[in-house]
Amino acid sequence: MITGVNHVTLSVRDLDVSFDFYTKILGIKPRAKWLQGAYLEAGKIWIALIVDKKMRTHNNPEYSHLALSVKPKDFGPISKRIRESGAKIWHRNTTEGPSIYFLDPDGHKLEIHVGDLKTRLIWAKTNPWKGLEFFNNNYQSQWFFLP
Numbered sequence: 712m713i714t715g716v717n718h719v720t721l722s723v724r725d726l727d728v729s730f731d732f733y734t735k736i737l738g739i740k741p742r743a744k745w746l747q748g749a750y751l752e753a754g755k756i757w758i759a760l761i762v763d764k765k766m767r768t769h770n771n772p773e774y775s776h777l778a779l780s781v782k783p784k785d786f787g788p789i790s791k792r793i794r795e796s797g798a799k800i801w802h803r804n805t806t807e808g809p810s811i812y813f814l815d816p817d818g819h820k821l822e823i824h825v826g827d828l829k830t831r832l833i834w835a836k837t838n839p840w841k842g843l844e845f846f847n848n849n850y851q852s853q854w855f856f857l858p
């Protein structure tokens, strides 16, 4: 049984540029760094930055992205640092909770978001997508009970 997400590995062109972006702009905690990579800690997930000479040369057109959780009080300062860094904004938020969608120095699609699965599902109940189906109306998990 899958118990969670263990880590995310992102290929990077320039380790120092990416390391600075993730640690100084996003505020993710550095844990280790070597010539070809680095490990960063974001809550219970670790992010590996690995130098990859086979990096793509164009951005992916699809919506796939990595969303990072932020506390409401931190959203303003972090989003300001992202905008001031010159990061490209690639999408406009259309769901609950403050979010900013941006590209990292290597073109990886990222998001910072205030909220969690509970807030998203509660929002979706009043703003349903076409064909939306909830599983188990008395949904209960280790995190919350959905009314």
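The sequence shown begins at 712 in our numbering and counts up one residue at a time.
Every residue, glycine too, gets a C-beta built ideally from N, C-alpha and C.
| Asked | Found |
| --- | --- |
| Please state the DSSP three-state secondary structure of Thr-830. | helix |
| Where does Thr-734 sit, in a helix, a strand or coil, going by DSSP? | helix |
| Hey, quick one: how far does the beta strand (DSSP E) through Arg-742 stretch, first residue to last? | 740-745 |
| If contacts are defined as beta-carbon pairs under 8 Å, then Phe-813 and Lys-799 qualify, I think. What distance do you get, rounded to the angstrom? | 6 Å |
| Helix, strand or coil: which one does DSSP assign to Glu-822? | strand |
| Using 8 Å as the threshold, is the stretch 730-741 in touch with the stretch 783-802, meaning 3 or more CB pairs across them? | yes |
| Could you pull out every residue in the same chain whose Cβ sits closer than 7 Å to the Cβ of Val-762, ignoring the five residues on either side in sequence? | Val-723, Leu-726, Gln-747 and Gly-748 |
| Candidates Leu-843, Ile-823 and Asp-731: which alpha carbon is nearest Leu-760's? | Asp-731 |
| Taking a contact to mean a Cβ-Cβ separation below 8 Å, would you say Glu-844 touches Thr-830 in this structure? | no |
| So, is Val-716 buried or exposed, given that buried needs 16 or more other C-beta atoms within 10 angstroms? | exposed |
| Going by beta carbon distance, what residues of the same chain come within less than 7 Å of Thr-720, once the five residues before and after it are set aside? | Ala-759 and Ile-761 |
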